[in-house]
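FYI, the numbering for the sequence shown is 1 to 292, going by UniProt numbering.
In this text, a Cβ means the ideal position worked out from N, Cα and C, and glycines have one as well.
The model shown is predicted, which means the values in this text are computed figures rather than measured ones.
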Amino acid sequence: MSLIDSWIVALRAARKSPATIKQYTDGLRQFADWAEDTGVPPHLDRATVNAFSAHLLDLGREPATVRARQLSLKRYSAWLADEGEIPEDRLIGLKSAKLDSKVVEPLTEDEIRALLKSCATGDQFRARRDTAIVRFMLETGARAGETAALTVSGVDLIEGRAVIVRGKGGKGRTVPFGPNTGQAIDRYVRTRRTHRLADTDALWLGDRGKPFSYDGLHKALRERAVAAGIDRFHPHLLRHTAAHRWLAAGGSENGLMAGAGWTRPDMLVRYTKAQSEARAADEARRLNLGEF
């Protein structure tokens, strides 16, 4: 694990996002910690990585988390082999943990109202920032990392659109937003002018004159959700909710895929599965095809 810093340099050169680099290095460090705690040599081979994966599953980690940790080790092993640091990549062909087909229920309208009400409390700067973030994510379906990386110069409040410079897979796109979200962002931007870092281009700034990171966004929204009484909250739930609300309002699947930055239809199904029957029932009532 002594070459992690060199790998980080390589990942940056390959233009991997900060969130991806963090995910990869977290996986490596967890593997190293497990090996040290158990006295197992940290060899990058199938048997050792499978033992590590089994350990994570025994701890109750989600299969998706285990698969992410495996991917970190596979990417690192491949890089070591490419760089000539190891004779061969012994993780080629390693089978990933089987994912559960989980159904994620979107936020209800009452939960959305409770979350927004929670955001409106406390210090004005933080209240306006958190309200704008929640409204933006709920309307556009942008990922947490994409939202955290927004810039002042990339948001056009008059036209109602924001540029996501680097989405998942390195793809950028422009997402539209409506007047209510625009008003919330405008209120925040006006309050932002008094911040110590107001001259920087990062849209979201932290409390007490500090920058605002991806982790800061997670922490801020979780605190708001707890105050709103939403126990099952994770920032990614806003993306699920946005996808459901789009289709429930009659939006097209192609439009949703473009806005959310998906290139595969199976991702749309995954994010909107929970309420698919309810939407189908509403659509059937509107169509009223039993009337001849």
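Any idea what DSSP makes of V61, helix, strand or coil? First, the residue type needs correcting, since residue 61 is Arg and not Val in the sequence shown. Residue state, collapsed to three classes: coil.
Do A243 and L256 have their CB atoms nearer than 8 Å? Yes, they are a contact pair.
So, with DSSP's three-state summary, where would you put T121? Reduced to three states, the DSSP call for T121 is coil.
Is the stretch 145-163 touching the stretch 207-219 in the sense that three or more CB pairs, one from each, lie closer than 8 Å? Verdict: yes, contact present.
Could you say if the stretch 117-134 and the stretch 173-187 meet the contact criterion of at least three C-beta pairs nearer than 8 Å? In this structure the stretch 117-134 touches the stretch 173-187; the number of beta carbon pairs closer than 8 Å is three or more.
Please name the residue, chosen from W204, K74, R264 and W7, that lies closest to D45 on a Cα-to-Cα basis. Considering only alpha carbons, the answer is K74.
For A35, which residues from the same chain have a beta carbon less than 6 Å from its beta carbon, with the 5 sequence-adjacent residues on both sides left out? The residues are P42.
Could you give the first and the last residue of the continuous alpha helix (DSSP H) run that contains I8? Start and end: I4 to A13.
Can you name, in chain order, every residue of its own chain whose Cβ lies under 7 Å from the Cβ of D201, other than the five neighbours on each side? Result list for D201: T151, V152 and S153, in chain order.
Are Q124 and A97 closer than 8 Å when you measure CB to CB? No. Outside cutoff.
Quick one: is the Cβ of I21 within less than 7 Å of any heavy atom of the ligand MN? In terms of ligand content, the structure shown is empty, and the ligand MN therefore cannot be addressed.
I21 - containing alpha helix (DSSP H), residue span: Looking at the DSSP string, the run of the alpha helix (DSSP H) that includes I21 is P18 to T38.
So, P106 versus T20, is the Cβ gap smaller than 8 Å? Taking the C-beta atoms as reference points, T20 is found no nearer than 8 Å to P106.
According to the Cβ coordinates, are F212 and L221 closer than 8 Å? Not a contact, by the Cβ cut-off of 8 Å.
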